[in-house]
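Peer 1: Structure in structure tokens, see below.
There are 2 protein chains.
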Amino acid sequence: MHKEHSLTKNQQIIFDLIDKSTEPLKAYSILFNVQKKGIKAPLQVYRALDKLVEIGKIHKIESRNAFIACHNSRCQVAKATAFSICEICEKVTEISSAGLSKYLANFKDKDGMKYSKYNLEFFGLCKKCR
Amino acid sequence: MHKEHSLTKNQQIIFDLIDKSTEPLKAYSILFNVQKKGIKAPLQVYRALDKLVEIGKIHKIESRNAFIACHNSRCQVAKATAFSICEICEKVTEISSAGLSKYLANFKDKDGMKYSKYNLEFFGLCKKCR
DNA sequence: TTAGTTATTGTTATAATATAACATTGTGTA
DNA sequence: TACACAATGTTATATTATAACAATAACTAA
Ligand SMILES: [Zn+2]
Ligand SMILES: [Zn+2]
Ligand SMILES: [Zn+2]
Ligand SMILES: [Zn+2]
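Protein sequence lines, in the order shown, are assigned to chains A and B. In terms of numbering that gives the first Met the number 0, the first sequence has 92 at position 93, counting the first letter as 1, and numbering is strictly consecutive. In terms of numbering that gives the first Met the number 0, the second sequence has 128 at position 129, counting the first letter as 1, and numbering is strictly consecutive.
This is how it looks when you write it as structure tokens:
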């Protein structure tokens, strides 16, 4: 469950766009799409994106420099994320697996160190592309 | 074990630099450091980096846009990587865990799909920074 | 209310990261 | 040799992201 944050105007505009999208959106594509709503500069987009990531409403797909809305109720505050990415059609899906998140949250490295924050990106071919 | 590839001149210069480095290096920092060896343009660096990633001699740390030499004998061909990243000092370590790689290689998503390629980045504080 | 404080926004410029396009050179091989 | 192919060199440009500073709006506390 996401903590309720009341979004500001720009944050709401940009979140709505990302949330409606069926694919991850890139910052400058977002910029292009919200210019008619008065958001004219990259920085306005990046500021909203930063905040939305911070509060867990969206995630950044690091290998693609793109942003996707969170649809994972298990995803507490954007600290532990996992995605599958199709290398052909670029479809991205957030993975919601109790087993996986438990395994990773409990994973200890050689030094016995545990990590509460991680990002995992799986690559392969989606159903359609196989 | 890495398949032996004989590196070309530019690839060797750039690999040596990354391999000697104690921290991940960014492309333009690499460029700056190899200009005295005759590599003058970004593209020359990016081409070498692409190839080195492809053959598994280095990995890209996606969240940092930086490159690190592979020191993980378990790491077959750059298809399955895991790192820990200190959020204060930015120290990056490649994780070599039989358990982790086995778990992830066998992980199946909701649709029963398995992924042989993945990238995992853990975030936290290293020993020194704790 | 009012002044002080902080978050958000707007704006211009610029930094940092990455690729396109094309000409040239080297390397292996039939 | 002649062909194919990989690697290199070079210029220009595309894409992603932040710095710096001014102006507003929203929130607090006296
Ligand atoms: Zn999520
Ligand atoms: Zn696909
Ligand atoms: Zn490796
Ligand atoms: Zn550290």
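Virtual Cβ for every residue (Gly too), placed ideally from N, Cα, C.
#1: Between the C-alpha atoms of residue 49 of chain A and residue 81 of chain B, what's the straight-line distance to the nearest angstrom?
#2: Any contact between the region 10 to 19 of chain B and the region 94 to 109 of chain A? By contact I mean 3 or more CB pairs, one from each, below 8 Å.
#3: What ranges does the beta strand (DSSP E) occupy inside the region 33 to 81 of chain B, keeping only unbroken runs of at least 3 residues that lie completely in it?
#4: Measure the Cβ-Cβ separation of residue 64 of chain B and residue 25 of chain B and say whether it is below 8 Å.
#5: Given a cut-off of 8 Å, decide if residue 117 of chain B and residue 119 of chain A are closer than it, judged by their beta-carbon atoms.
#6: Helix, strand or coil for residue 111 of chain A per DSSP?
#7: According to DSSP, is residue 17 of chain B helix, strand or coil?
#8: Out of B:40, B:41, B:42, B:70, which has the shortest C-alpha to C-alpha gap to residue 18 of chain B?
#9: By the three-class DSSP mapping on this structure, what secondary structure does residue 31 of chain A have?
#10: From residue 20 of chain B to residue 35 of chain B, what does the alpha carbon distance come to, in whole angstroms?
#11: Does the beta carbon of residue 111 of chain A sit closer than 8 Å to a beta carbon anywhere in chain B?
#12: CB of residue 109 of chain B to nearest heavy atom of ligand 2: below 7 Å?
#13: Between residue 30 of chain B and residue 23 of chain B, how many whole angstroms is the CB-CB distance? I'm expecting something under 8 Å.
#14: For the region 48 to 64 of chain B, enumerate the residues whose C-beta is nearer than 8 Å to any C-beta of chain A, in chain order.
#15: Can you tell me whether DSSP reads residue 124 of chain B as helix, strand or coil?
#16: Rank A:51, A:46, A:39 by C-alpha distance to the C-alpha of residue 15 of chain A and give the top, closest one.
#17: The alpha helix (DSSP H) spanning residue 90 of chain B covers which residue range?
#18: Residues of chain B with CB closer than 9 Å to the CB of residue 87 of chain A, please, in chain order.
#19: Quick check on residue 47 of chain B: buried or exposed, where buried means 16 or more other Cβ atoms within 10 Å of its Cβ?
#20: Report yes or no: is there a C-beta of chain B within less than 8 Å of the C-beta of residue 99 of chain A?
#21: Please confirm whether residue 121 of chain A and residue 84 of chain A have their CB atoms less than 8 Å apart.
#22: If residue 115 of chain A sits next to residue 56 of chain A, beta carbons under 8 Å apart, how far is it from one beta carbon to the other, in whole angstroms?
#23: Helix, strand or coil, according to DSSP, for residue 100 of chain B in the structure here?
#24: Are there any heavy atoms of ligand 3 lying less than 7 Å away from the beta-carbon of residue 61 of chain B, as far as the coordinates show?
Peer 2: This is what the structure holds:
#1: Residue mapping note: residue 49 of chain A aligns to position 50 of the first sequence, counting from 1. Residue mapping note: residue 81 of chain B aligns to position 82 of the second sequence, counting from 1. In this structure, the alpha-carbon of residue 49 of chain A lies about 25 Å from that of residue 81 of chain B.
#2: Output reads no: the region 94 to 109 of chain A does not touch the region 10 to 19 of chain B.
#3: Within the region 33 to 81 of chain B, the complete beta strand (DSSP E) runs of at least 3 residues are 57 to 60, 65 to 68.
#4: On the second sequence, position 65 is the one that residue 64 of chain B refers to. On the second sequence, position 26 is the one that residue 25 of chain B refers to. For residue 64 of chain B and residue 25 of chain B, yes; Cβs fall inside 8 Å.
#5: Counted from its first residue, the first sequence places residue 119 of chain A at position 120. Counted from its first residue, the second sequence places residue 117 of chain B at position 118. Yes, they are a contact pair.
#6: Indexing the first sequence from 1 puts residue 111 of chain A at position 112. In the three-state reduction of the DSSP assignment, residue 111 of chain A falls in the coil class, being assigned neither a helical nor a strand state.
#7: Residue 17 of chain B sits at position 18 when you count from the first residue of the second sequence. The answer is helix: DSSP assigns residue 17 of chain B an H, G or I state.
#8: Position 19 of the second sequence holds residue 18 of chain B. For residue 18 of chain B, the nearest C-alpha among the options comes from B:70.
#9: Within the first sequence, numbered from 1, the residue matching residue 31 of chain A stands at position 32. DSSP places residue 31 of chain A within a helical segment (H, G or I) once states are collapsed to three.
#10: Position 21 of the second sequence, counting from 1, holds the residue named residue 20 of chain B. Position 36 of the second sequence, counting from 1, holds the residue named residue 35 of chain B. Taking the Cα positions, residue 20 of chain B is about 17 Å away from residue 35 of chain B.
#11: The residue you call residue 111 of chain A lines up with position 112 of the first sequence. So no, residue 111 of chain A is outside the interface.
#12: Residue numbering aside, residue 109 of chain B sits at position 110 when the second sequence is read from its first letter. Not under cutoff, so the answer is no.
#13: Taking the second sequence and counting its residues from 1, one reaches residue 30 of chain B at position 31. Taking the second sequence and counting its residues from 1, one reaches residue 23 of chain B at position 24. That pair is no contact at about 15 Å.
#14: If you check each beta-carbon in the region 48 to 64 of chain B against every beta-carbon of chain A, the ones closer than 8 Å belong to 61, 62.
#15: Looking up residue 124 of chain B in the second sequence gives position 125. Three-state result, residue 124 of chain B: coil.
#16: Translated into positions along the first sequence, residue 15 of chain A becomes position 16. Cα-wise, what sits closest to residue 15 of chain A is A:51.
#17: Working through the second sequence from its first residue, we reach residue 90 of chain B at position 91. For residue 90 of chain B, no alpha helix (DSSP H) run applies, since DSSP gives it neither H nor E.
#18: On the first sequence, position 88 is the one that residue 87 of chain A refers to. What residue 87 of chain A touches in chain B: nothing, since even the nearest Cβ is about 13 Å away.
#19: In the second sequence, the residue the question calls residue 47 of chain B occupies position 48. Under this definition residue 47 of chain B is a buried residue.
#20: By 1-based counting over the first sequence, the position of residue 99 of chain A is 100. For residue 99 of chain A, the answer is yes, since a Cβ of chain B falls inside 8 Å of its Cβ.
#21: Translated into positions along the first sequence, residue 121 of chain A becomes position 122. Translated into positions along the first sequence, residue 84 of chain A becomes position 85. Judged by beta-carbon spacing, residue 84 of chain A lies within the 8 Å limit of residue 121 of chain A, meaning their Cβ atoms are closer than that value.
#22: Indexing the first sequence from 1 puts residue 115 of chain A at position 116. Indexing the first sequence from 1 puts residue 56 of chain A at position 57. Residue 56 of chain A and residue 115 of chain A do not touch by the CB rule: their CB atoms are close to 19 Å apart, not below 8 Å.
#23: The sequence position of residue 100 of chain B within the second sequence is 101, counting from 1. Residue state, collapsed to three classes: helix.
#24: Start at 1 with the first residue of the second sequence, and residue 61 of chain B comes out as number 62. Here the distance from the Cβ of residue 61 of chain B to the nearest heavy atom of ligand 3 is not below 7 Å.
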